[in-house]
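All residue numbers for the sequence shown refer to the UniProt record's numbering, where the first residue is 1 and numbers rise by one.
Notes follow once the structure below has been shown.
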Amino acid sequence: LAKAVATEGGASFLSVDASSVENKWLGESEKNAKAVFTLARRLAPCVIFIDEVDSLLSSREGSSDDSAHGTLTSVKTTMMSEWDGLNSGTNGYAGSDRVIVIGSTNRPFDLDEAVLRRFPRRILVDLPDLETRAEILEVTLAENRLDPNVNLTKIAERLEGYTGSDIKEVCREAVVQISHEQAKVLYEGGAV
1 LAKAVATEGG ASFLSVDASS VENKWLGESE KNAKAVFTLA RRLAPCVIFI
51 DEVDSLLSSR EGSSDDSAHG TLTSVKTTMM SEWDGLNSGT NGYAGSDRVI
101 VIGSTNRPFD LDEAVLRRFP RRILVDLPDL ETRAEILEVT LAENRLDPNV
151 NLTKIAERLE GYTGSDIKEV CREAVVQISH EQAKVLYEGG AV
């Protein structure tokens with residue numbers, strides 16, 4: 001969805017997650033967070049997509065590790081300050097208003113209230129229904145030769161409760177498994 005927004009708007013796309021920001025060295029996580037926004041301003045128009053935003057910008061409650069909590073709080077403060085700079089046009093960058101932030105989460109109630117206020121719109125992307133699951137299978141497997149007897153709707157029925165990315169991963173694993181099996185048959189048959 002976020003990538004589609006960027007593509008439709010002719011904008012650059014930056015995908016960020018906790019692993020791309022967090023660093024074990026003191027102060028580096030904050031520098032990484034600031035760098036994301038600096039790069040986005042330079043690439044404007046730009047969409048910053050924060051995957052699993054709750055892992056970076058969760059509420060202050062519930063952390064048992066004080067040092068980790070302190071680092072996350074500092075990263076969150078840095079990110080929110082930079083985010084505010086986008087909206088105010090501060091930080092010396094023209095066109096800062098051409099940078100938008102989109103986040104995804106499975107745990108919206110874990111987000112800090114200050115973070116929620118910065119997202120003007122919230123969209124529920126629910127699990128795909130049967131028809132959509134079948135379409136995801138069809139699109140994902142389009143470049144693979146399928147046996148004509150394969151019924152994607154029947155497969156989609158068995159994938160109830162899966163997200164779109166779960167379904168793509170199932171397809172990827174199936175293709176890898178089949179490739180390994182075919183390679184094994186060729187090897188054992190003496191063709192290799």
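No residue lacks a Cβ here, since even glycine has one placed at the ideal position from N, Cα and C.
Just so you know, these numbers come straight off a predicted model, no measurement behind them.
Can you tell me the Cα-Cα spacing of residue i and residue j, whole angstroms?
i, j, result
"Ala139", "Leu111", "Note that residue 139 is Val in the sequence shown here, rather than Ala. Roughly 33 Å separates the two Cα atoms."
"Asp147", "Ala174", "14 Å"
"Asp54", "Arg133", "26 Å"
"Lys31", "Pro108", "26 Å"
"Ile48", "Val16", "7 Å"
"Thr78", "Val101", "14 Å"
"Ala68", "Asn106", "Per-residue confidence for Ala68 stands at a pLDDT of 48, beneath the threshold of 50, marking its modelled position as unreliable; no derived number is given."
"Arg42", "Lys76", "22 Å"
"Asn144", "Pro128", "22 Å"
"Asp126", "Ala183", "38 Å"
Flag this pair as yes or no: are the beta carbons of residue i and residue j separated by less than 8 Å?
i, j, result
"Ala2", "Cys46", "no"
"Ala6", "Val21", "no"
"Leu86", "Phe37", "yes"
"Ala4", "Glu52", "no"
"Ile167", "Ile123", "no"
"Val99", "Ala156", "no"
"Gly103", "Ile50", "yes"
Where does the unbroken beta strand (DSSP E) through residue i begin, and where does it stop?
i, result
"Val150", "Unbroken run through Val150: none, as it is neither H nor E."
Between which two residues does the alpha helix (DSSP H) harbouring residue i extend?
i, result
"Val21", "Ala18 to Val21"
"Leu116", "Glu113 to Arg118"
"Val133", "Reading off the sequence, residue 133 comes out as Arg, not Val. From DSSP, the alpha helix (DSSP H) with Arg133 extends over Leu130 to Thr140."
"Phe37", "Glu28 to Leu43"
"Thr7", "Ala2 to Glu8"
Can you name the residues that DSSP bridges to residue i?
i, result
"Cys171", "DSSP lists no partner for Cys171."
"Gly103", "Ile50"
"Phe13", "Val47"
"Ser58", "Leu111"
Establish whether the CB of residue i and some CB of chain B are separated by less than 8 Å.
i, result
"Val21", "Annotation note: the requested chain B is absent from the structure, which comprises a single protein chain."
Compare the C-alpha of residue i against each of the options and name the closest.
i, options, result
"Leu159", "Leu130, Ala40 and Trp25", "Leu130"
"Leu141", "Leu57, Ala18, Glu169 and Leu124", "Glu169"
"Ala114", "Pro128, Asp84 and Leu127", "Asp84"
"residue 272", "Leu57, Val99 and Ala44", "Past the edges of the chain, shown from 1 to 192, lies residue 272, and the structure says nothing about it."
"Ala35", "Lys154, Ser81 and Gly9", "Ser81"
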